[in-house]
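Using mature numbering (1 follows the signal peptide of the UniProt record, and there is no 0), the letters of the sequence shown map in sequence onto residues -31 to -1, 1 to 141.
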Amino acid sequence: MMNAGLVLVTTVLCALLVRLFSIGLPAYTTAGHIQHLKWPNECGPNFSLKLGSQTVIVLASGSMIKRLIDKRSGNYADRPSLFMQGVFEQARIILRGYDDLWKVERKLYHGLMNGTKATRYAPYQDLEPKQLCFDLLDRPEAFEAPITRMTLSAATSMTCGFRVTDPQNPVM
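Now the structure itself:
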């Protein structure tokens, strides 16, 4: 009986310590996010939340989700706007929204980088890091140019068919 009491006291103390010193919001392991269950009853099946500078639409009705997402996903599926999009002026596919240019680029990338074609690039991906190690051992103080050369050479080998072997190459 003494051991059971000791185990009970130890368990309660551990639970209190965890609750006192835990970081962040309390977790509800059995009930989930109770507030997210209350909001649809108070606000209706779809409502919006302001998270930082962006508005997030919450859909709590299965039929509404099906109607909006399944049937009209092209209207609503887009990436949230980021500060870096303005810096790069939409020049990178990873930062661009789902516009017509994104669709064309995605199709081209998939044609070049699908699973069957990716195995062709393995020799380049094996050769260029070895060359980088050699360059870094040869001149460790000038490390930026060999790294740039390696990434550019891997890309040009796969897409254009030639390697960039010299950091002074005009392609760089």
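Beta carbons are placed, not taken as given, at the ideal position from N, Cα and C, and that holds for glycine. All of these numbers come straight from a predicted model, not from anything done at the bench.
- Residue range 15 to 20 is occupied by the beta strand (DSSP E) that includes F16, with no alpha helix (DSSP H) assigned at that position.
- Check the Cα spacing between Q137 and each of A114, A124, L37: the tightest is with A114.
- Assignment of T134 by DSSP, reduced to helix, strand and coil, places it in the coil class.
- In the DSSP assignment, T24 is bridged to K19.
- In the three-state scheme derived from DSSP, where H, G and I count as helix and E and B as strand, R108 is classed as coil.
- For the options R108, Y90, S30, A111, the alpha carbon positioned closest to that of S122 is the one of Y90.
- Contact between the region 64 to 73 and the region 95 to 112 is absent: fewer than 3 CB-CB pairs across the two stretches fall below 8 Å.
- A distance below 8 Å between beta-carbons, with the five flanking residues on each side excluded, links D39 to no residue of its chain.
- By the CB criterion at 8 Å, S17 and T24 fall inside the cutoff.
- R118 is not a Cβ neighbour of T125, given a cutoff of 8 Å.
- In the DSSP assignment, R89 falls outside any alpha helix (DSSP H) and carries neither an H nor an E.
- Taking each of G21, T(-22), L28 in turn and checking the Cα distance to P9, the smallest one comes out for L28.
- Membership of G31 in the alpha helix (DSSP H) is indicated by the continuous run 31 to 34.
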